[in-house]
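J.: This is the structure, below, for whatever I ask next.
2 protein chains.
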Amino acid sequence: MARAKAKTNGAVEKKLVGVADTVIVAAERSKDPTLAIPVRSLANVNFNAKRGIIELGRRKQERSFFNVGMAKKFMQTVLVADALAELQRADLTTSLREIYYRTKHTMKGSHENTFDGQNESDPLIEDLEVALSALREELHVRAENAGSVVGPLVLGDDGDRVDCARLGKGGYSVPSIVEPEYIEIRRCTADFVLLVEKGTQWNRLSEDKFWRRYNCVLLTGNGQPPRGVRRLARRLHEEYRIPVYVLVDNDPWGYYIYSVVKQGSINLAFESERMAIPKAKFIGLSSADPDRYGLPRNVGIKLNDKDIARAKELMKYQWFQKKPWQDEIKRMLSSGLKYELDALANKDFRYLTKTYLPRKLKEEDWLD
Amino acid sequence: MARAKAKTNGAVEKKLVGVADTVIVAAERSKDPTLAIPVRSLANVNFNAKRGIIELGRRKQERSFFNVGMAKKFMQTVLVADALAELQRADLTTSLREIYYRTKHTMKGSHENTFDGQNESDPLIEDLEVALSALREELHVRAENAGSVVGPLVLGDDGDRVDCARLGKGGYSVPSIVEPEYIEIRRCTADFVLLVEKGTQWNRLSEDKFWRRYNCVLLTGNGQPPRGVRRLARRLHEEYRIPVYVLVDNDPWGYYIYSVVKQGSINLAFESERMAIPKAKFIGLSSADPDRYGLPRNVGIKLNDKDIARAKELMKYQWFQKKPWQDEIKRMLSSGLKYELDALANKDFRYLTKTYLPRKLKEEDWLD
Chain Y
0 MARAKAKTNG
10 AVEKKLVGVA
20 DTVIVAAERS
30 KDPTLAIPVR
40 SLANVNFNAK
50 RGIIELGRRK
60 QERSFFNVGM
70 AKKFMQTVLV
80 ADALAELQRA
90 DLTTSLREIY
100 YRTKHTMKGS
110 HENTFDGQNE
120 SDPLIEDLEV
130 ALSALREELH
140 VRAENAGSVV
150 GPLVLGDDGD
160 RVDCARLGKG
170 GYSVPSIVEP
180 EYIEIRRCTA
190 DFVLLVEKGT
200 QWNRLSEDKF
210 WRRYNCVLLT
220 GNGQPPRGVR
230 RLARRLHEEY
240 RIPVYVLVDN
250 DPWGYYIYSV
260 VKQGSINLAF
270 ESERMAIPKA
280 KFIGLSSADP
290 DRYGLPRNVG
300 IKLNDKDIAR
310 AKELMKYQWF
320 QKKPWQDEIK
330 RMLSSGLKYE
340 LDALANKDFR
350 YLTKTYLPRK
360 LKEEDWLD
Chain W
0 MARAKAKTNG
10 AVEKKLVGVA
20 DTVIVAAERS
30 KDPTLAIPVR
40 SLANVNFNAK
50 RGIIELGRRK
60 QERSFFNVGM
70 AKKFMQTVLV
80 ADALAELQRA
90 DLTTSLREIY
100 YRTKHTMKGS
110 HENTFDGQNE
120 SDPLIEDLEV
130 ALSALREELH
140 VRAENAGSVV
150 GPLVLGDDGD
160 RVDCARLGKG
170 GYSVPSIVEP
180 EYIEIRRCTA
190 DFVLLVEKGT
200 QWNRLSEDKF
210 WRRYNCVLLT
220 GNGQPPRGVR
230 RLARRLHEEY
240 RIPVYVLVDN
250 DPWGYYIYSV
260 VKQGSINLAF
270 ESERMAIPKA
280 KFIGLSSADP
290 DRYGLPRNVG
300 IKLNDKDIAR
310 AKELMKYQWF
320 QKKPWQDEIK
330 RMLSSGLKYE
340 LDALANKDFR
350 YLTKTYLPRK
360 LKEEDWLD
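Quick mapping for you: the protein sequence lines, in order, are chains Y and W. Note that numbering that gives the first Met the number 0 gives residue 196 to position 197 of the first sequence, counting from 1, and the numbers run on in steps of one. Note that numbering that gives the first Met the number 0 gives residue 204 to position 205 of the second sequence, counting from 1, and the numbers run on in steps of one.
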């Protein structure tokens, strides 16, 4: 582990130092230093149907130092690259916000700040991710850690052996960065990963030891899954070849959460490569479920205008073109109702554990 | 453990069943069934300076069945009590939202629902908490589990021995309910609890193994600490007699988070009894710190109108009357700036671990 770690750090550090070198070399040759940054606008984002992921196109933009409009941004990019290199050298991780603070200072002999807000430094970190093809996690930049996991899974974290089957119902708190240099997956004997949108249902399943009976890894991000949770699901899927089932509310946001897990997101298209799980399946809540499972209409929630607009938008996305998906979304629209997973409690507090999921798994009733 | 658990469940179940009994008994005697519910309005909330907690007064309100305006609410209260009794019997926990769904149905022979929204069922659960003096957790109602803990602390959860000193940097995911019937504190050899507002700083400290060097329990709720995190801090404080230090942003919301941990909250005054930690100390970020620790003014954030109004409001609270607190808040107001903990990264990514907290602890520089 230690060796692998040092190696990765070294490679990323070299790339970051390269950014500063670009400036020095160009200056020595009295040339205009430039950086080529892939364009991250919608126009440069495509859905690769064959690979099943949203990816970035090939268009790049030159960022030049001696261009008046670009000089400040260039300087800022070098500052951020420098802070990121510091992280590599010290083998630390930090947050986007702290990088902003670290790189903020008043420029000598002026009252001007290097950065006035985090909205100036965040995009530069994304630029560097793309330009250096280093995942944010490899740059040692954390997001929040808002996930929990239980199940037949043994991790190595800072030399500790973390057995997720022996952590009661609380489980292991999933860190923001689960790259191999930080988190080792020592063993996983699960048959599948169940990625649950909300903490409530995860709690229900954890309390009922569902993972033991159905031999799965129970994972949640308590809402839209944060990067660490997505990466952990992806690594389990990839390294242990086990399927990932996604359980979300039956509303357009639930569909979207699923699609981000599966294909990646439009905003961070360059990350799909290492975050998306193109074979992830949507296990529910489906708009067909209220009928199938006899949920009364009065536990449905009326779609509002935003829901309807969003559902129609989703229907146009290339990755929702398969007939079952068009049917799924149309059914929601024509019923005029959305359903939360919590509504299953209307039948019984344990309906999710005892009836809904067992039947879903038995009937292999999911969407692809 | 098993015995203690059964005992608690039984006692709470009896209280809940008692609610339904009130109706039956009164009906048999052809009397108007009534429930006496303590009033939870501001007018019935006091700060008990001697005990150092915000508590509920003695005013009660009679809720009567044959009063037209109250009949529906009465029926709803009984329905909720019934669902809560079901939880006790089955030894399950659930969320506020699922209780709403569980108790929602269309009344026979009408188109009227028992509940139209969760805003109708939530206050009834609070009513029952107060009326039966049972903490929400004892009623088996969860909030989110959004906390992480590492440190020299061994817990028992569902028969598993969870050693929080052996869970890497990720740590144990703190459940929403940490009552003794669910979570056993088997051992704690820490000298203090450090309750950190935000996940970023918790991550920094966990990564740096700060807890090992300073022998403490590192706890965070990733923002305003949820109930489980507060209860865990309180239990450690009470059962192991160790101090609790609270580390928050230097803004009026940080002060407030601290004050809720210490005195309890106005909205849930009836819970202070078992949630508040009157001896908790505010370790930072103080408005005196930017000067003391040489933070540049440009990493401060200008107070906006809302901040200023909120700070002035806090100054009037009885529990902020001590001179050092008045000075603290005045200093913020006169500087016109607030500071996030993240701003410490301006000095160095590890400034929090290496300089700020060690000096704070050494100088015992906290507010009470």
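Where a beta carbon is used, it is the ideal one built from N, C-alpha and C, also for glycine. Fair warning: this is a prediction, and the values are worked out from it, not measured in the lab.
As an exercise, report each continuous alpha helix (DSSP H) stretch of at least 4 residues that is fully enclosed by the segment 222-246 of chain W, in chain order.
T.: Runs found: 226-239.
J.: Do residue 300 (chain W) and residue 346 (chain W) come within 8 Å of each other at the CB atom, strictly closer than that value?
T.: Contact: no.
J.: Leaving out the 5 sequence neighbours to the left and right, which residues in its chain are closer than 7 Å to residue 84 (chain Y) when beta-carbon positions are compared?
T.: Contacts found: 12, 15 and 16.
J.: For residue 309 (chain W), which three-state DSSP category applies?
T.: Note: residue 309 (chain W) maps to helix in three-state DSSP.
J.: How many angstroms separate the CA atom of residue 312 (chain Y) from the CA atom of residue 329 (chain Y)?
T.: About 12 Å.
J.: Could you check whether the Cβ of residue 178 (chain Y) sits closer than 8 Å to any Cβ belonging to chain W?
T.: Judged by the 8 Å Cβ criterion, residue 178 (chain Y) is not in contact with chain W.
J.: For residue 147 (chain W), which of W:169, W:165 and W:135 has the nearest alpha-carbon?
T.: Residue W:169 is the option with its Cα nearest to residue 147 (chain W).
J.: Going by Cα to Cα distance, which pick from Y:354, Y:361 and Y:348 is closest to residue 102 (chain W)?
T.: Of the listed residues, the one whose Cα sits closest to residue 102 (chain W) is Y:348.
J.: For residue 47 (chain W), collect the residues of the same chain with a Cβ closer than 6 Å to its Cβ; drop the 5 residues on either side in sequence, then sort them by chain order.
T.: Excluding positions up to five away in sequence, the list reads 54.
J.: Can you tell me where the alpha helix (DSSP H) holding residue 253 (chain W) begins and where it ends?
T.: Where residue 253 (chain W) is concerned, the enclosing alpha helix (DSSP H) stretches over 251-262.
J.: In chain order, what are the residue ranges of uninterrupted alpha helix (DSSP H) at least 4 long that sit wholly in the segment 263-311 of chain W?
T.: Those alpha helix (DSSP H) runs which fall completely within the segment 263-311 of chain W and span 4+ residues are 271-274 and 288-291.
J.: Would a check of beta-carbon distances place residue 342 (chain Y) closer than 8 Å to chain W?
T.: True, the Cβ-Cβ gap to chain W drops below 8 Å.
J.: Measure how close the beta-carbons of residue 288 (chain Y) and residue 250 (chain Y) come, nearest whole angstrom, since I'm counting them as under 8 Å.
T.: Actually they are not in contact, since the Cβ atoms of residue 288 (chain Y) and residue 250 (chain Y) sit about 13 Å apart, beyond 8 Å.
J.: So residue 130 (chain Y) is in the beta strand (DSSP E); what residue range does that whole segment cover?
T.: Taken as a continuous stretch (DSSP letters only), residue 130 (chain Y) belongs to no beta strand (DSSP E), being part of the alpha helix (DSSP H) at 117-130.
J.: Looking at the C-beta of residue 0 (chain Y), does it have a partner C-beta in chain W at a distance below 8 Å?
T.: Because the pLDDT at residue 0 (chain Y) is just 38, under 50, the model does not fix this residue reliably, and the value given afterwards should be weighed accordingly. Judged by the 8 Å Cβ criterion, residue 0 (chain Y) is not in contact with chain W.
J.: Apply the 10 Å Cβ neighbour rule to residue 262 (chain Y) and answer buried if 16 or more other Cβ atoms are within range, or exposed otherwise.
T.: So residue 262 (chain Y) counts as buried.
J.: Compare the beta carbon distance of residue 198 (chain Y) and residue 156 (chain W) with 8 Å and say whether it is the shorter of the two.
T.: Result no, Cβ atoms of residue 198 (chain Y) and residue 156 (chain W) do not sit closer than 8 Å.
J.: Over what stretch of residues does the alpha helix (DSSP H) that includes residue 328 (chain Y) continue unbroken?
T.: That run of the alpha helix (DSSP H) goes 322-334.
J.: Going along the segment 179-199 of chain Y in order, which residues come within less than 7 Å of chain W, judged by CB to CB distance?
T.: Per Cβ criterion, the list reads 198 and 199.
J.: Would you kindly work out how many angstroms separate the C-alpha atoms of residue 1 (chain W) and residue 136 (chain W), rounded to a whole number?
T.: The predicted model places residue 1 (chain W) with a pLDDT of 40, which falls under 50 and marks its position as unreliable; any figure quoted below should be read in that light. Their Cα atoms are separated by approximately 17 Å.
J.: Under a Cβ-count criterion, where at least 16 other Cβ atoms within 10 Å of its own Cβ denotes burial, should residue 189 (chain Y) be classed as buried or exposed?
T.: Residue 189 (chain Y) is buried by the Cβ-count criterion.
J.: Is it the case that the CB of residue 49 (chain Y) approaches a heavy atom of the ligand NAD more closely than 7 Å?
T.: Inclusion of the ligand NAD in the displayed structure is not the case, the ligand content being empty and no account of it being possible.
J.: If you drop the 5 nearest sequence neighbours on each side, which residues of the same chain put their C-beta closer than 7 Å to that of residue 80 (chain W)?
T.: So the list reads 15, 18, 19 and 127, once near-sequence residues are dropped.
J.: Assuming residue 177 (chain W) and residue 231 (chain W) make a contact with CB atoms under 8 Å, what is their CB distance in whole Å?
T.: Confirmed, Cβ separation roughly 5 Å.
J.: For residue 309 (chain Y), I'd like the list of residues in its chain whose CB is within less than 8 Å of its CB, leaving aside the five on either flank, ordered along the chain.
T.: The residues are 251, 252 and 255.
J.: Residue 354 (chain W) to residue 247 (chain W), Cα distance in whole Å?
T.: Looking at the two C-alpha atoms, the distance is approximately 17 Å.
J.: Quick one: complete alpha helix (DSSP H) runs, 4+ long, within the segment 17-60 of chain Y?
T.: Here no run is fully enclosed.
J.: Based on the DSSP output, what are the partners of residue 182 (chain W) in its beta bridges?
T.: DSSP, once it has assigned bridges, lists W:156 as partnering residue 182 (chain W).
J.: By Cβ distance, which residues of its chain are closer than 6 Å to residue 185 (chain W), with the 5 residues on each side in sequence left out?
T.: Excluding sequence neighbours, residue 185 (chain W) sits near 153 and 155.
J.: Under 8 Å between the Cβ atoms of residue 207 (chain Y) and residue 97 (chain W)?
T.: Not a contact, by the Cβ cut-off of 8 Å.
J.: If you draw a straight line from the C-alpha of residue 378 (chain W) to the C-alpha of residue 202 (chain Y), how long is it?
T.: In the structure as shown, chain W starts at 0 and stops at 367, and residue 378 (chain W) therefore has no counterpart that could be examined.
J.: Use the C-beta contact count for residue 351 (chain Y): other C-beta atoms within 10 angstroms, 16 or more gives buried, fewer gives exposed.
T.: Residue 351 (chain Y) should be labelled buried.
J.: Who are the neighbours of residue 214 (chain W) on chain Y, taking C-beta pairs under 7 Å?
T.: Going along chain Y, no residue has its Cβ under 7 Å from residue 214 (chain W), so there is no contact; the nearest lies around 17 Å.
J.: Using CA atoms only, rank isn't needed, just tell me which of W:117, W:74, W:92 and W:158 is closest to residue 106 (chain W).
T.: Of the listed residues, the one whose Cα sits closest to residue 106 (chain W) is W:74.
J.: Within the continuous alpha helix (DSSP H) that includes residue 114 (chain Y), where are the two ends?
T.: Premise fails: residue 114 (chain Y) is in no alpha helix (DSSP H) and is neither H nor E.
J.: My output table needs one value for residue 367 (chain W): the three-state DSSP class, helix, strand or coil.
T.: Three-state result, residue 367 (chain W): coil.
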